[in-house]
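In our numbering, the protein residues as written are 112 to 427.
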């Protein structure tokens with residue numbers, strides 16, 4: 112293969128991975144210089160420590176059990192350690208090849224583990240052909256060199272934020288509805304991720320575009336928490352949320368009990384309902400509200416509720 116087409120294909124693969132056509136466009140570009148007939152991307156999900164078939168072209172996707180079977184093979188474990196490609200069939204892969212590829216007419220295959228430039232493993236890429244020995248040494252080298260670029264296709268930890276991004280000074284973690292955690296690039300993870308996953312799931316199921324409020328951690332520290340919708344997984348295919356969190360002092364010199372009362376007011380509860388919910392007397396609730404009105408500078412329950420919701424003064 113002459114060098115110019117190779118360089119062009121290399122550049123086009125990177126362009127497609129970053130662009131609209133993504134993995135399928137990248138494989139069309141790679142097909143110009145590598146005799147692949149079908150392909151499959153298998154992603155490693157750091158939230159579950161499992162591999163699963165992500166997308167394919169030219170043949171039916173394998174079952175996730177088959178993906179897990181393959182990554183346990185000694186040749187693949189050795190390839191991961193050395194970060195090199197594996198040709199199939201070959202020593203240690205014959206049984207897998209006969210079971211999952213040969214029945215469909217494939218005569219040769221190539222697999223490469225996918226690592227980002229930073230060294231994080233994201234999954235693997237299978238290439239197959241109906242020709243024997245279709246993938247020579249040059250093809251192996253090219254596919255291996257493209258590994259860091261193609262690794263972005265199977266990076267399920269990615270979190271795609273909107274143009275506003277994260278507020279400064281916050282730590283953040285992304286969650287999908289199943290509670291699977293994903294890192295937010297450039298941010299430390301939130302405290303108490305199990306609690307935050309529950310809050311995120313409730314938020315994802317709501318119709319709100321964003322939500323903010325106060326959270327009291329088990330050690331008695333208050334935190335400002337903001338939640339925003341985000342796309343996670345491959346090209347943002349999974350609906351999720353980012354939970355951003357930072358330690359804070361209660362605003363307006365509010366007390367914890369006053370925050371509890373504010374939260375019930377914002378929910379539309381009357382004074383007797385608040386008293387029953389917080390196990391207080393109605394008179395105590397009235398006193399708390401007098402203090403709250405003075406601290407927040409509000410003269411009506413409606414204005415108080417508006418201010419509380421706008422500034423995230425409720426408990427989440």
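For every residue, glycine included, the Cβ atom is placed at its ideal position computed from N, Cα and C.
**Prompt:** By a C-beta neighbour count over all protein chains shown, 10 Å radius and 16 as the cutoff for buried, is residue 295 buried or exposed?
**Reply:** buried
**Asked** For residue 161, which of helix, strand or coil comes out of DSSP?
**Response** strand
**Request:** Using three-state DSSP, classify residue 123 as helix, strand or coil.
**Result:** helix
**Message:** Spatial neighbours of residue 324 within its chain, please: C-beta separation below 7 Å, excluding the five flanking residues on both sides.
**Reply:** 336, 423, 425, 426 and 427
**Prompt:** For residue 291, which option in 342, 137 and 119 has the closest C-alpha, if you only look at C-alpha atoms?
**Reply:** 342
**Selection from 417, 199 and 226 that minimises the alpha carbon distance to residue 218** = 199
**Prompt:** Which of helix, strand or coil does DSSP assign to residue 427?
**Reply:** coil
**Message:** Whole angstroms are fine: how far does the CA of residue 237 sit from the CA of residue 226?
**Reply:** 14 Å
**Request:** Leaving aside the five residues before and after residue 166 along the sequence, list all residues of the same chain whose C-beta is less than 7 Å from its C-beta, in chain order.
**Result:** 134 and 152
**Prompt:** Thinking C-beta only, is residue 338 closer than 7 Å to residue 360?
**Reply:** no
**Request:** State yes or no: is the C-beta of residue 222 within less than 7 Å of the C-beta of residue 254?
**Result:** no
**Request:** Quick one: measure Cβ to Cβ for residue 149 and residue 264, integer angstroms, because I've assumed they're closer than 8 Å.
**Result:** Not a contact, Cβ separation roughly 16 Å.
**Item:** Proximity winner among 392, 121, 289 and 358, relative to residue 302 (alpha-carbon distances)
**Value:** 358
**Asked** Does DSSP put residue 275 in a helix, a strand or coil?
**Response** Model confidence at residue 275 stands at a pLDDT of 49, short of 50, so the residue's coordinates are unreliable and nothing is read from them.
**Item:** Nonlocal neighbours in the same chain, by C-beta distance under 6 Å from residue 118, ignoring five residues either side
**Value:** none
**Prompt:** What are the complete beta strand (DSSP E) segments, minimum 3 residues, inside the stretch 206-269?
**Reply:** 219-226 and 232-240
**Prompt:** The alpha helix (DSSP H) spanning residue 187 covers which residue range?
**Reply:** 185-193
**Bridge partner(s) assigned by DSSP for residue 334** = 326 and 358
**Request:** Verify whether the separation of the beta carbon atoms of residue 377 and residue 419 is less than 7 Å.
**Result:** yes
**Asked** residue 266: buried (16+ other C-beta within 10 angstroms of its C-beta) or exposed?
**Response** buried
**Request:** Would you decide whether residue 241 is buried or exposed? Buried here means 16 or more other CB atoms lie within 10 Å of its CB.
**Result:** exposed
**Prompt:** Between residue 282 and residue 300, what straight-line distance do the alpha-carbon atoms span, to the nearest angstrom?
**Reply:** 6 Å
**Request:** Determine the direct distance from the alpha carbon of residue 154 to that of residue 396, and round the result to whole angstroms.
**Result:** 54 Å
**Message:** Buried or exposed for residue 421, going by 16 or more other Cβ atoms inside 10 Å?
**Reply:** exposed
**Prompt:** residue 403 and residue 369 look like a contact to me (Cβ under 8 Å); what is the Cβ gap, rounded to whole Å?
**Reply:** 5 Å
**Message:** So for residue 407, helix, strand or coil by DSSP?
**Reply:** helix
**Message:** Would residue 162 and residue 182 be called neighbours here (beta carbons separated by less than 7 Å)?
**Reply:** yes
**Request:** Sort 411, 230 and 381 by Cα distance to residue 258 and report the nearest one.
**Result:** 230
**Closest Cα partner of residue 310 within the set 354, 328, 160 and 389** = 354
**Message:** What would DSSP say about residue 199, mapped onto helix, strand or coil?
**Reply:** strand
**Request:** Find the nearest neighbour of residue 156 within the set 193, 245, 203 and 234, judged by alpha-carbon distance.
**Result:** 234
**Request:** Give the straight-line distance between the Cα atoms of residue 142 and residue 164, rounded to the nearest whole angstrom.
**Result:** 21 Å
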